[in-house]
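Notes follow the structure.
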Amino acid sequence: MGLAAAGHGVCIESWISGQAHPSQRGRIFGLYQILNRIALIASQLAVGYAAIAMESMLLLAAMAFSSALIPVCLTRARGPESSDTGTLKLGLLWAQAPAAVIGCLYVGLMGGPLVNVAPAYGILIGLDQRAAILLTASVQIGALLLQWPIGHVADRYDSRIIMLVSAATVIAALGGLGFGLLAGPMPALWLLGLFAIVGAGSIPLYTVAVTHAFARLKDEQPVGLSASLLFLWGIGSTIGPLAASATMQMIGPQGLPLYFAALSIGLCVFLVIRLVRKPAPGALETRHEATPMSVPGMGSRLTPLK
């Protein structure tokens, strides 16, 4: 299932990145991530509240996925050209867009524990099972609410500055979480809100990293580039839960916020160094005049007439 999901992601992301105009790529990719986030939130709540009583939950998920393939099969829009399917070496990606490499790793290292380890953290600090599930859902809701604005801003300004501000916001939220827990038991609503800020400041940065990479590599090899970025995210999301769990075992429950803070501080330091050494070029990652597109116009872009 993991291999199938990875292939599915490469196809979607390379298709979007290859077809979207550079001035609109962040917003279109953000819309894709919003739909993805809605599905994740719904599935997590369904699993937490209904899967225990419904053995057919996986069958329902398989039916939903199969149904989603129908409009893809019916579309007349072209996918990426076959000549663009060559592999892209990570060394070239690092040389051209190191912030995208670190950004994708950061999102994976943060997102994996936020989804998989946060419920255990909630239970360890005294939340019940359903409140712990809501802790993970709050992360996804925060990411959902900020996905479109971040994608929109990524089309207009230097992506590295956006990642820097977002990571600094995560650090501030984690600082508030630490001080709140030191003062005594924290109300569940405050805890959910702080985790929503952490999710909003970290998970949507994948869109920013992708936009940054495609802006720097000038749309070369969209399939290979998308596969490389997804591979980096996959490495982070695989290592992240293991590293976060190990930190919690050594330090205790508060090892999870400390793990998130260390990653965010490291990202901020890296981005500051990159911004000092190589300021933003004035091309695609500066502001532009956006032209709104109507819904019928957008439909004609996705399904061109023969």
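For the sequence shown, the positions run 1 to 306 when our numbering is used. In this text, a Cβ means the ideal position worked out from N, Cα and C, and glycines have one as well.
In the DSSP assignment, P113 falls within the alpha helix (DSSP H) that extends over P98 to N116. In the displayed model, R160 falls within a helix according to three-state DSSP. The residue from A143, W94 and S138 with its alpha-carbon nearest to that of V107 is A143.
Here F260 really is in contact with V198; their C-beta atoms are around 6 Å apart, less than 8 Å. If you look at L205, you'll find it in the alpha helix (DSSP H) that goes L205 to L217. In this structure, P204 sits away from N116, with a CB-CB distance that is not shorter than 8 Å. Per DSSP, the continuous alpha helix (DSSP H) segment holding T136 begins and ends at Q129 to A154. Between the stretch 32 to 41 and the stretch 129 to 147 there are three or more inter-stretch CB-CB distances shorter than 8 Å, so the stretches are counted as touching. The stretch 249 to 268 makes contact with the stretch 168 to 184, as at least three CB pairs between them are under 8 Å. A Cβ-Cβ distance of about 30 Å is found for the pair A97 and F195, leaving them out of contact under the 8 Å criterion. Counting along the chain, P257 sits inside the alpha helix (DSSP H) bounded by residues G255 to R277. When DSSP states are grouped into helix, strand and coil, P187 belongs to the coil group. Considering only Q129, Q24, T75 and A137, the residue with the shortest C-alpha distance to P149 is Q24.
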